[in-house]
Amino acid sequence: MKKRTITVASLQTSYGQDLGENIEKTEALVREAAERGADVVLPSELFQGIYFCTKQDPKWFETAFPAEDHPCVKKLAKLAKKLEVVIPISFFEKDGPRYYNSVAIADADGEILGVYRKSHIPDGPGYQEKYYFRPGDTGFKTWKTKRGHIGVGICWDQWYPETARAMALQGAEVLFYPTAIGSEPYDNALDTHLQWQRAMQGHAVSNAIPIVAANRIGLEDNEGVKQQFYGHSFIADHRGELVESFGRDDEGVLVHKFDLALIESYRADWGFFRDRRTELYAKSII
Numbered sequence: 361m362k363k364r365t366i367t368v369a370s371l372q373t374s375y376g377q378d379l380g381e382n383i384e385k386t387e388a389l390v391r392e393a394a395e396r397g398a399d400v401v402l403p404s405e406l407f408q409g410i411y412f413c414t415k416q417d418p419k420w421f422e423t424a425f426p427a428e429d430h431p432c433v434k435k436l437a438k439l440a441k442k443l444e445v446v447i448p449i450s451f452f453e454k455d456g457p458r459y460y461n462s463v464a465i466a467d468a469d470g471e472i473l474g475v476y477r478k479s480h481i482p483d484g485p486g487y488q489e490k491y492y493f494r495p496g497d498t499g500f501k502t503w504k505t506k507r508g509h510i511g512v513g514i515c516w517d518q519w520y521p522e523t524a525r526a527m528a529l530q531g532a533e534v535l536f537y538p539t540a541i542g543s544e545p546y547d548n549a550l551d552t553h554l555q556w557q558r559a560m561q562g563h564a565v566s567n568a569i570p571i572v573a574a575n576r577i578g579l580e581d582n583e584g585v586k587q588q589f590y591g592h593s594f595i596a597d598h599r600g601e602l603v604e605s606f607g608r609d610d611e612g613v614l615v616h617k618f619d620l621a622l623i624e625s626y627r628a629d630w631g632f633f634r635d636r637r638t639e640l641y642a643k644s645i646i
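Note that this note's numbering has the sequence shown beginning at 361, numbered continuously upward.
Laid out in structure tokens, this is it:
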């Protein structure tokens, strides 16, 4: 069996109001990940600033740009080329009069392979995303990068097994989820980080595929609306085991190496994809 490996990294840190400072902080962590051998490095969701969806305010639409003009995409694509790593870059996208929560995939040569737009958009206390973002129109996508075949979902997508399965069916070898999640304003005592992790660990098990999740940390104040982000970024293997993980307040980089040939053999042996009954599923879905 020919050995094929991929080394993945997840970034966890806090972010403030200043775009330039947030990009610099992210770049420093990407460099650290690359120094530790990472092939694909995942920053968290909307690292360009604070998570502004805690309230509705039209001023935040001014922070959206087309992919080719967005400061985060431009800076990190250059860094990807310099360090020869792949970076899924989360950003607030403007497309004419339309706005999306998106990820641009910077390949290891700096080329932007394309954009994925978040499919599932939440709307509730502290997470009022439907005010800002249209549901994505790209469909689920995967990317044959220079470092491996990857799939990327965005935050709320992580709760849906259909997202993970669709990307696995397209041949993804590792799934990545940039996230911004934490406290619930109606119940400060509620901590959902275990449910959040377990949902994605389930995707890892049922698709026999590694999962990489990146979340932010810290208390953010959006003009009086406060949100505490709970971190717990992690990397899970193809059996759902947490092989690397952070806690609530840790800041830094998680790195892990996977043997893709071994995982491919494991996936074939379990037969999850062999035994699918697609002719029955449509009859059960409304």
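Beta carbons: idealized from backbone N, C-alpha and C, even for Gly. Predicted model, so just to flag it, every value in this text is computed and none were measured.
- Cα atoms of K454 and G380: separation of roughly 19 Å, rounded to the nearest angstrom.
- In the DSSP assignment, Q530 forms no beta bridge with any residue.
- Look at N548 here: in three-state DSSP terms it is coil, with no helix or strand label.
- In chain order, A427, V433, I449, I472 and V475 place their CB closer than 6 Å to the CB of A464, counting only its own chain and leaving out the 5 sequence neighbours on each side.
- With respect to G591, V565 sits apart: the two C-beta atoms are not nearer than 7 Å.
- Collapsing the DSSP output to three states places Q408 in coil.
- When secondary structure is reduced to three states using DSSP, F500 falls in the coil class, being assigned neither helix nor strand.
- Look at the beta carbons and you see the region 569-588 touching the region 404-424: at least three pairs across the two are nearer than 8 Å.
- The beta carbon of K385 sits closer than 7 Å to the beta carbons of T373 from its chain, once the five residues preceding and following it are set aside; these are given in chain order.
- The region 577-588 makes contact with the region 606-622; the number of CB pairs closer than 8 Å reaches 3 or more.
- A check of alpha carbon separations from F421 across V445, K438, R458 and L389 identifies R458 as the nearest.
- Leaving aside the five residues that flank F425 on each side, the residues in its chain whose CB is nearer than 6 Å to its CB run, in chain order, K454.
- Taking a contact as a CB-CB distance under 8 Å, the pair T367 and D399 counts as one, their CB atoms being some 5 Å apart.
- For N582, the beta-bridge partners assigned by DSSP are V585.
- Take Y626, set aside five residues on each side of it, and the residues of its chain with a beta-carbon closer than 7 Å to its own are A568 and H598, in chain order.
- In its chain, beyond the 5 residues on either side, Y590 and H592 have a beta carbon closer than 6 Å to the beta carbon of H553.
- W503 and K415 have their C-alpha atoms spaced approximately 33 Å apart.
- By the neighbour-count definition (other C-beta atoms within 10 Å, threshold 16), D547 is an exposed residue.
- R636 carries a coil assignment under DSSP once its states are collapsed to helix, strand and coil.
- When the beta-carbon positions are compared, A532 and R507 stay at least 7 Å from each other.
- Per the C-alpha coordinates, the member of V512, D619 and Y487 positioned closest to Q588 is Y487.
- DSSP places S479 in the coil class of the three-state scheme, outside both helix and strand.
- In this chain, the beta strand (DSSP E) harbouring S605 covers L602 to S605.
- Counting along the chain, no beta strand (DSSP E) covers Y375, and no H or E run does either.
- Out of T523, V445, V615 and Y460, the CA that lies nearest to the CA of T505 is found in V445.
- Around the beta carbon of F633, a 10 Å sphere encloses fewer than 16 other beta carbons of the protein chains shown; the residue is thus reported as exposed.
- Rounded to the nearest whole angstrom, the CA to CA distance from Y492 to H563 is 28 Å.
- Inter-residue distance for L620 and N582 is about 42 Å (C-alpha atoms, whole angstroms).
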